[in-house]
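In my numbering, the protein residues as written are 486 to 823. Yeah, the Cβ is synthetic: ideal placement off N, Cα and C, and Gly gets one too. The structure appears below as structure tokens.
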């Protein structure tokens, strides 16, 4: 869905669950070219009359902003604020001017004007603590110094957009994982395969359908010798990744507690249940959340990579080896048939 170019006529020919009034207004608004047409035309084909009526008369859904930044975004923002090179055009050539423009991005987030948690200031406090958490994490990864200036492997982490893979890649490089790979695998082909499997875990994690099980060849297309399931990372590498996850979770939990009114994650109303702060998840699916009132942390805040992920039924989640399979077989059709 999405039409970004104006056209004379917009035709809706397929009815899906995701076709809602918001998408209808976005796409129908493209009908009519400024300077060419006096009016545009919208045509429905194969759409039930009742749904057409709802699309035309329904009110717009409320828009709420998403978290305005991530840890990687803050790293790039700090690097920009301390950047010394004056670029062409109209440069912002003093650190005060760059800091002011950076603060504008952080303090004028759309979420601060739309979310109910912002009414009493709780969201603002949580976002400030998330910035402090991100700075502490970047300091732990040696990507910024004590004055907030970018250092070390920050260009690698900043230019690789896939997060948290970029931060974990830096962590593994600092722990010498890739150097150990080069020492362990003497043959170039074996080294490339192991490297690609690890990089696929970091940057190409595409979840397979729950029905795909490696112990049942009838559950997935297996007739063309395609490599369907992504191989697990070695135990020694997994240990380093688990250490990174543990550090991030510990930091995030401590800073989240700092946003609580009484310094505890569990709401006072749940104290009688005996639930402790270290026994609950920060991103739960509780029917009634035991977290303190006003907690609004988003799962995108947490820059971790779960290698032992399970679904809601306790089944292990498998990921596709699409990038690895394409490197091995050089065949696009084999990937498309999976």
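With H, G and I counted as helix, E and B as strand and the rest as coil, what does DSSP make of residue i?
i, result
"residue 741", "helix"
"residue 698", "strand"
"residue 603", "helix"
"residue 718", "coil"
"residue 632", "coil"
"residue 804", "strand"
"residue 510", "helix"
"residue 539", "helix"
"residue 645", "coil"
"residue 692", "strand"
"residue 713", "coil"
Identify the continuous alpha helix (DSSP H) that holds residue i and give its terminal residues.
i, result
"residue 526", "Segment 526-529 is the beta strand (DSSP E) holding residue 526; no alpha helix (DSSP H) there."
"residue 504", "Segment: none, residue 504 is in no alpha helix (DSSP H) and carries neither H nor E."
"residue 813", "807-814"
"residue 662", "662-669"
"residue 517", "Note, residue 517: premise wrong, no alpha helix (DSSP H); not H, not E."
"residue 582", "580-592"
"residue 549", "From DSSP, residue 549 is part of no alpha helix (DSSP H); its letter is neither H nor E."
"residue 543", "Unbroken run through residue 543: none, as it is neither H nor E."
"residue 704", "Unbroken run through residue 704: none, as it is neither H nor E."
"residue 554", "Per DSSP, residue 554 belongs to no alpha helix (DSSP H) and is neither H nor E."
"residue 651", "650-659"
"residue 817", "817-821"
Quick check: the Cα distance between residue i and residue j, rounded to an integer number of angstroms?
i, j, result
"residue 551", "residue 612", "12 Å"
"residue 787", "residue 500", "36 Å"
"residue 631", "residue 564", "13 Å"
"residue 819", "residue 722", "29 Å"
"residue 618", "residue 740", "6 Å"
"residue 574", "residue 583", "Below a pLDDT of 50, predicted positions are generally treated as unreliable, and residue 574, at 48, falls in that range; the measurement from the model is reported next regardless. Cα to Cα, the separation comes out at about 15 Å."
"residue 748", "residue 797", "30 Å"
"residue 800", "residue 727", "20 Å"
"residue 614", "residue 736", "11 Å"
"residue 526", "residue 518", "11 Å"
"residue 562", "residue 745", "27 Å"
"residue 513", "residue 547", "19 Å"
"residue 725", "residue 653", "9 Å"
"residue 714", "residue 803", "7 Å"
"residue 601", "residue 588", "22 Å"
"residue 816", "residue 524", "47 Å"
"residue 696", "residue 706", "11 Å"
"residue 716", "residue 643", "28 Å"
"residue 634", "residue 593", "23 Å"
"residue 626", "residue 651", "11 Å"
Could you please give the first and the last residue of the uninterrupted beta strand (DSSP E) stretch that includes residue i?
i, result
"residue 497", "494-497"
Under 8 Å by Cβ, that's how I've got residue i and residue j pegged, so tell me the actual separation to the nearest angstrom.
i, j, result
"residue 733", "residue 622", "6 Å"
"residue 531", "residue 498", "6 Å"
"residue 807", "residue 689", "7 Å"
"residue 491", "residue 515", "5 Å"
"residue 620", "residue 641", "Not quite, the Cβ-Cβ distance comes to about 19 Å (not below 8 Å), so this is no contact."
Using 10 angstroms around the beta-carbon of residue i, count the other beta-carbons present and answer buried if the total reaches 16, otherwise exposed.
i, result
"residue 718", "buried"
"residue 557", "buried"
"residue 699", "exposed"
"residue 822", "exposed"
"residue 545", "exposed"
"residue 571", "In this predicted model, residue 571 has a pLDDT of only 47, less than 50, meaning its place in the structure is not dependable enough to derive any value."
"residue 649", "buried"
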